[in-house]
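Undergrad:
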DNA sequence: CGTCTATTTGAATGTACTCAAAAGCGGTGG
DNA sequence: CCACCGCTTTTGAGTACATTCAAATAGACG
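Chains as they are written, first to last, in my numbering: chain E, 14 to 207; chain B, 14 to 207.
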């Protein structure tokens, strides 16, 4: 029982072995290829996903056709279109693999059953939720406060292999700038560091 | 038992009367004057607050001295510096009353006790957390996608009495623009509605 | 009434975008 | 294995959006 998903659970709550078994059996392991969609906008997000390995992108498409990346989900992250997952209404996001990845999926139905049998899981997902909330709040503050250059530098600092693994187009769509501007910014990067 | 805070609880979970009693007795009612700080940056947020009436502002002060408003908290909202409240580390936000207000405070210590006695409360706060997360995500998307004018119009649309109750300076700090620009924007408001 | 803060106005500047075109790169099929 | 196609990245010119700074005006509050 030394799987990453179990370790992740152990960081926040303690389960007995029966509970572990129950939790573990509610998950389905999936290997997915690059470009696979786990969630599509308009469809209902039936599951939430724990990423065992690989890299995925959660994004929206605006009316004007431009894509906006909500987040890049890496190893040891839980990810879904939460709005759709919890409300079981059509998703607004796409969730797509940027690399071949391994994920554990947990369906809404299974999770609701688990909540009844293991109330401690409410705590687990509440804590995950809180952490996500706090980091989102930071992002809002950053968007309001920092220049694009600053945000770009902070991003590659927090995520050093981003440049290797993610296209500039996608990085730009996460930073909220155009790919063209990101390109010109990189040229002048060393010059101005406000 | 027809208090607003109880109604709010009832929207998401059902408690029996003993549990209600317990929950209710963990809360403290406070009347606060305009400009009162419930949380100050640097101090530890010992409580989370349910707003029975009035209006509060949650904000940060940047290194350069400018204020950034995270949110305006109205009647029937739960608000705190969640980072500080959960981690019990120094807060990054200020929480200040913009109007004379009535709040219910729930301390971290009391809440942890409640979680043990009433596991269903984990669910309640998880749901609140989710909703907050979803609306934050919308805000990030809006910041990336929409023009300032659009965001301003959407804001006063969602919060029609904002103009009455909140200074322009504070609205600007919520929208992430300068008060000067908000001022010039309002002049031309009717002209361009992209 | 006077003081302090918020709002308005305007000029100059900077940041980021749009549009267009060229160059680079990766994957696929022959 | 190479050539081609399609997508990504670069580059540049012109423009729009938003900021800074400064100064005048208006409003709130003791």
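Glycine included, C-beta positions come from ideal geometry on N, C-alpha and C. Keep in mind that this is a model prediction, so the values were computed, not measured.
Among all the DSSP beta bridges, which residues are the ones paired with residue 114 (chain E)?
TA: Its beta-bridge partners are E:45.
Undergrad: Does DSSP put residue 101 (chain B) in a helix, in a strand, or in coil?
TA: DSSP places residue 101 (chain B) in coil when its eight states are reduced to three.
Undergrad: Compute the distance between the beta-carbons of residue 110 (chain E) and residue 55 (chain E), then report whether it is under 8 angstroms.
TA: Not closer than 8 angstroms, so no.
Undergrad: Using a Cβ-Cβ cut-off of less than 7 angstroms, give me the residues of the segment 67 to 88 of chain B that come near chain E, in sequence order.
TA: For the segment 67 to 88 of chain B, which is checked against every Cβ of chain E, the residues closer than 7 angstroms are 73, 75, 81, 83.
Undergrad: Taking 8 angstroms as the CB-CB cut-off, is residue 206 (chain B) touching chain E?
TA: Note that residue 206 (chain B) has pLDDT 47, beneath the 50 cutoff, so the model's placement of it is unreliable and the number below is only indicative. No, residue 206 (chain B) lies away from the interface with chain E (no Cβ there is under 8 angstroms from its Cβ).
Undergrad: What is the DSSP secondary structure of residue 206 (chain B), reduced to helix, strand or coil?
TA: Confidence is the limiting factor: at residue 206 (chain B) the pLDDT is only 47, short of 50, which leaves the residue's position unreliable, though a coordinate-based value still follows. Reduced to three states, the DSSP call for residue 206 (chain B) is coil.
Undergrad: Could you give the DSSP three-state label for residue 5 (chain B): helix, strand or coil?
TA: Any question about residue 5 (chain B) goes unanswered here, given that chain B covers just 14 to 207.
Undergrad: Could you tell me the distance, in whole angstroms, from the CA atom of residue 58 (chain E) to the CA atom of residue 94 (chain E)?
TA: Roughly 6 angstroms between the two C-alpha positions.
Undergrad: Using 8 angstroms as the limit for Cβ to Cβ distance, is residue 7 (chain E) near chain B?
TA: Limits of chain E in this structure are 14 at one end and 207 at the other, which puts residue 7 (chain E) out of reach.
Undergrad: I need the straight-line Cα distance from residue 21 (chain B) to residue 147 (chain E), nearest angstrom please.
TA: Approximately 23 angstroms, taken between the alpha carbons.
Undergrad: Please report the Cβ distance between residue 47 (chain E) and residue 112 (chain E), rounded to the nearest whole angstrom; I am assuming they are in contact, meaning their Cβ atoms lie under 8 angstroms.
TA: Going by Cβ atoms, the distance from residue 47 (chain E) to residue 112 (chain E) rounds to 6 angstroms, so yes, they are a contact pair.
Undergrad: Quick one, are the C-beta atoms of residue 64 (chain E) and residue 137 (chain E) less than 8 angstroms apart?
TA: Contact: no.
Undergrad: Taking DSSP as the reference, what is the three-state secondary structure of residue 58 (chain E)?
TA: Looking at residue 58 (chain E) - three-state DSSP - the assignment turns out to be coil, as it is neither helix nor strand.
Undergrad: According to DSSP, what are the bridge partners of residue 162 (chain B)?
TA: Per DSSP, none; premise fails for residue 162 (chain B).
Undergrad: Compare the C-beta of residue 132 (chain E) with all C-beta atoms of chain B and state if any pair is closer than 8 angstroms.
TA: Yes - at least one Cβ of chain B is within 8 angstroms of the one on residue 132 (chain E).
Undergrad: Can you list, in chain order, the residues of its chain whose CB lies under 8 angstroms from that of residue 102 (chain E), leaving out five sequence neighbours each side?
TA: These residues qualify, in order along the chain: 57, 96.
Undergrad: How many Å lie between residue 201 (chain B) and residue 159 (chain B) at the Cα?
TA: Roughly 17 angstroms separates the two Cα atoms.
Undergrad: Residue 143 (chain E) versus chain B: which residues are under 7 angstroms apart at the beta carbon?
TA: Within chain B, the residues near residue 143 (chain E) are 95, 99, 142.
Undergrad: Taking a contact to mean a Cβ-Cβ separation below 8 angstroms, would you say residue 208 (chain B) touches residue 61 (chain B) in this structure?
TA: No information on residue 208 (chain B) is available, as it lies outside the stretch 14 to 207 that chain B covers here.
Undergrad: Using a Cβ-Cβ distance cut-off of 8 angstroms, determine whether residue 153 (chain E) contacts chain B.
TA: At least one chain B Cβ lies under 8 angstroms of residue 153 (chain E).
Undergrad: Can you tell which of E:51, E:149, E:32 has the C-alpha that lies nearest to the C-alpha of residue 120 (chain E)?
TA: Residue E:51 is the option with its Cα nearest to residue 120 (chain E).
Undergrad: Taking three-plus beta-carbon pairs below 8 angstroms as touching, is the segment 177 to 195 of chain B in contact with the segment 75 to 92 of chain B?
TA: They touch, by the three-pair rule.
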